[in-house]
DNA sequence: AATAAAATCAGTAATCATTACTGATTTGTG
DNA sequence: CACAAATCAGTAATGATTACTGATTTTATT
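Chains as they are written, first to last, in the working numbering: chain Y, 633 to 758; chain S, 633 to 758.
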């Protein structure tokens with residue numbers, strides 16, 4: 633079993649204790665509350681390692697930032713063009729992996745993104 | 633009906649005449665064969681406009697580049713970690729839009745990405 | 001416990017894909 | 001033909017992310 637550094641543990645803790653999809657900088661600010669001397673480079677490096685290990689997900693929605701997700705279960709990311717938030721929706725089955733398998737592709741990670749308007753913003757527009 | 637500039641038309645032509653998922657720079661080089669004086673900024677600006685209009689798709693797989701797709705039908709993008717190519721797979725139904733609708737989200741665009749190893753690379757490894 | 005090798009770190013500098021800017025050119029409208 | 005609006009080519013600026021460096025911490029071995 634792999635033993636993580638305290639910096640990597642702290643980053644994972646932050647990611648797993650939020651239901652948002654924070655950027656590297658947001659995570660950096662949050663981790664600094666516990667480890668004031670951690671550097672932004674360390675956050676980036678560990679996020680990269682964790683993503684490569686499959687311990688977290690990297691989500692890109694085209695807003696110029698990388699977003700990270702501590703929930704690695706296959707789920708739907710609803711990106712609202714109005715409020716800019718990424719909402720989660722659980723999935724009953726991993727549709728992508730199942731369909732990809734039909735063509736012989738060996739999937740290890742899946743990303744589902746929907747662009748549009750969320751329920752809350754849909755109410756308040758007009 | 634909207635009338636596109638010749639630059640925008642040329643960019644769309646290039647995107648629709650390839651089954652790859654090129655970067656802005658690749659498109660720039662390709663369009664230059666027909667419009668030698670076009671600038672990279674023009675390519676970026678039009679790709680941005682076309683994406684906002686829903687005429688093309690922007691796909692991000694985490695390799696540091698934005699990729700563009702002239703095929704806007706909902707389909708699966710298989711990103712092979714070995715060869716770095718994005719393979720397409722057609723979908724019978726737009727699963728994301730259907731599921732997102734259940735929670736009241738109004739979807740206009742969907743992106744499906746699978747990370748893993750493609751059939752061809754799976755053969756040649758080892 | 002001591003030592004060496006390997007991994008990770010903080011801090012900072014560099015990168016480079018993308019965006020913003022500017023003055024010129026083209027297009028649309030009457 | 002004006003006139004305004006849109007788009008352009010060319011270039012400069014941006015800033016999120018990555019790379020680098022020497023110090024510190026962890027792991028492995030004896």
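Here a beta-carbon is modelled for each residue, glycine too, at the ideal position from N, C-alpha and C.
Nothing here was measured: the structure is a model prediction, and the numbers come from that model.
Cβ shell of residue i (< 6 angstroms), same chain only, five flanking positions each side left out
i, result
"residue 714(Y)", "749, 753"
"residue 704(S)", "689"
"residue 682(S)", "688"
"residue 648(S)", "702"
"residue 646(Y)", "659, 662, 663"
Assigned exposure category for residue i - 16 Cβ within 10 Å defines buried
i, result
"residue 739(Y)", "buried"
"residue 702(Y)", "buried"
"residue 690(Y)", "buried"
"residue 640(S)", "buried"
"residue 684(S)", "exposed"
"residue 678(S)", "buried"
"residue 751(S)", "exposed"
"residue 668(S)", "exposed"
"residue 741(S)", "buried"
"residue 635(Y)", "exposed"
Residue i, DSSP secondary structure in three states
i, result
"residue 742(S)", "strand"
"residue 704(Y)", "coil"
"residue 722(S)", "strand"
"residue 675(S)", "helix"
"residue 753(S)", "helix"
"residue 727(S)", "helix"
Distance cut-off 7 angstroms: residue i Cβ against heavy atoms of the ligand ATP
i, result
"residue 678(S)", "Within the structure as shown, the ligand ATP is missing, as the structure has no ligands at all."
Cβ-based neighbour list, residue i, same chain, cut-off 7 angstroms, excluding 5 preceding and 5 following
i, result
"residue 664(Y)", "670"
"residue 747(S)", "711, 713"
"residue 653(S)", "691, 699, 700, 701, 718"
"residue 726(Y)", "706, 742"
Beta-bridge partners of residue i, as assigned by DSSP
i, result
"residue 748(Y)", "712(Y), 739(S)"
Cut-off 8 angstroms between Cβ atoms - residues of its own chain near residue i, not counting five sequence neighbours on either side
i, result
"residue 643(S)", "659, 663, 675, 678, 679, 682"
"residue 686(S)", "704, 740, 741"
"residue 638(S)", "667"
"residue 693(S)", "699, 709, 711, 718, 745, 747"
Item to check | Every unbroken beta strand (DSSP E) within the region 636-691 of chain Y, with a cutoff of 3 residues, ordered by chain | outcome: As far as the region 636-691 of chain Y is concerned, its whole beta strand (DSSP E) runs of at least 3 residues are 689-691.
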